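Peer 1: Can you read through this structure? Questions will come right after.
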Amino acid sequence: MLLSRAVTPLLAVSLLATSSEPTATVPPPRAVVAYRPNGRLIALPVRINGSPARWFVLDSGAPHTVIDAAVAKQSRLQVLSTDSGAGAGRGSYALRHLAPVDLAIGSLRLRVSTPVAIDLRNTGMQDPAAGLVGADVFRRYVVRIDPIARTVAFYDPATYACPPTAAVVALTSPADRLYVDMTLTVNGTSVVRRMRIDTGSEDAASDNLVRRSTERRRSLQGVGLGTPYVDYSGVFDSLRIGPYVIHHAWGASNDRPAVGMEILRRFTSTFDVPAGRLCLEPNAYLREAVPAPPR
Numbered sequence: 016m017l018l019s020r021a022v023t024p025l026l027a028v029s030l031l032a033t034s035s036e037p038t039a040t041v042p043p044p045r046a047v048v049a050y051r052p053n054g055r056l057i058a059l060p061v062r063i064n065g066s067p068a069r070w071f072v073l074d075s076g077a078p079h080t081v082i083d084a085a086v087a088k089q090s091r092l093q094v095l096s097t098d099s100g101a102g103a104g105r106g107s108y109a110l111r112h113l114a115p116v117d118l119a120i121g122s123l124r125l126r127v128s129t130p131v132a133i134d135l136r137n138t139g140m141q142d143p144a145a146g147l148v149g150a151d152v153f154r155r156y157v158v159r160i161d162p163i164a165r166t167v168a169f170y171d172p173a174t175y176a177c178p179p180t181a182a183v184v185a186l187t188s189p190a191d192r193l194y195v196d197m198t199l200t201v202n203g204t205s206v207v208r209r210m211r212i213d214t215g216s217e218d219a220a221s222d223n224l225v226r227r228s229t230e231r232r233r234s235l236q237g238v239g240l241g242t243p244y245v246d247y248s249g250v251f252d253s254l255r256i257g258p259y260v261i262h263h264a265w266g267a268s269n270d271r272p273a274v275g276m277e278i279l280r281r282f283t284s285t286f287d288v289p290a291g292r293l294c295l296e297p298n299a300y301l302r303e304a305v306p307a308p309p310r
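Going by the working numbering, the sequence shown wraps up at 310, each residue one higher than the last.
The following block contains the structure:
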């Protein structure tokens, strides 16, 4: 959720034997919404209780839908209680639990029963965000992100079928966070990690395994909620997600392994949480280099 940004070396991508699921044609979506890139992140136009649209980031790493504290105050949203939370950075941040709100994401209507207000001014995003669309939408709808068309489509879980050409990867969602197994390789040693899927992060993949890389550097990490800090980034020999292998990929060290938009943007990704599956279709970004962090 809201990690750091990075920038460019050489990469190769290989495809292992694909596993696709023969299915019927994809049903029509409930809504398709054009998004605006916010760096590597996905900004959607969202209306709060009928107000004019503001730009929210689609963040699968957020267990609640978040409204920026200043926006919540301007919108006169009712505060029920105060609390603290932990994010990508160190330490904690203040949050306020709000009364339920009605959100409109394009033509999609979403009742959010447990929104929270957090100050999002210093989260390191390229453009300020009025909020984060989190687990509420992933729990209720099948969410399909197309980075080439720059659209997000929302489907009814009861009738959705993955495209026949998609690679289907098991997806788990304990405590409203999304996870997928990936194989990480550093210095010829491979490990399988349960990686948190974080569309609110611009990173590729992050795991403490990169501390063992012979090619590493210290860089700013934990940019997002909480306090940023300096730690090691390094090179994964390869990252495997489903049948796809991405070589020479820079990533950050992290006690909580995660995969972010630098990897996910290489696919049309469909998150079908009710069915426990992630459907991946590679796109034109697949073979782009995974960037090194800035010095």
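Cβ coordinates follow ideal geometry from the N, Cα and C atoms, glycine included.
Since we're looking at a predicted model, the values are computed, not measured.
Which residues in the same chain as V61 place their Cβ atom closer than 8 angstroms to its Cβ, once the five residues preceding and following it in sequence are excluded?
Peer 2: The answer, listed in chain order, is A68, R69, W70, F71, L118, A119, I120, A145, G146 and V148.
Peer 1: To the nearest angstrom, how far is the alpha carbon of R126 from that of H263?
Peer 2: Taking the straight line joining both Cα atoms gives about 42 angstroms.
Peer 1: What first and last residue would you give for the alpha helix (DSSP H) that runs through I278?
Peer 2: Segment M276 to L279, the alpha helix (DSSP H) holding I278.
Peer 1: How long is the line joining the alpha carbons of P43 and T174, rounded to whole angstroms?
Peer 2: Those two C-alpha atoms are separated by around 9 angstroms.
Peer 1: Just list the residues that DSSP pairs D196 with in beta bridges.
Peer 2: R209.
Peer 1: Leaving aside the five residues before and after R51 along the sequence, list all residues of the same chain whose C-beta is less than 6 angstroms from its C-beta, in chain order.
Peer 2: For R51, where only same-chain residues beyond five positions count, the Cβ hits under 6 angstroms are A58.
Peer 1: Could you check the C-alpha separation between T180 and G249 for me, to the nearest Å?
Peer 2: So the alpha carbons of these two residues sit roughly 33 angstroms apart.
Peer 1: In chain order, which continuous runs of the alpha helix (DSSP H) of length 4 or greater are located wholly inside the segment 81 to 168?
Peer 2: If we require 4 residues or more, the alpha helix (DSSP H) runs fully inside the segment 81 to 168 come out as 84 to 89 and 150 to 155.
Peer 1: With distances taken Cα to Cα, identify the nearest neighbour of Y156 among F286, N298, P306 and G275.
Peer 2: Comparing Cα positions, the closest option is F286.
Peer 1: Given 8 angstroms as the limit, is there contact between the segment 266 to 282 and the segment 209 to 223, that is, 3 or more CB pairs closer than that?
Peer 2: Cβ pair count under 8 angstroms is three or more, so yes.
Peer 1: Can you tell me which of the three DSSP states V305 falls into?
Peer 2: In this structure, V305 counts as coil in the three-state DSSP scheme.
Peer 1: Where do the ends of the beta strand (DSSP E) carrying G291 lie?
Peer 2: Careful: G291 lies outside any beta strand (DSSP E) and carries neither H nor E.
Peer 1: For Y311 and E230, what's the separation of their Cα atoms in angstroms?
Peer 2: For residue 311 there is no data in the structure shown, the boundaries of the chain being 16 and 310.
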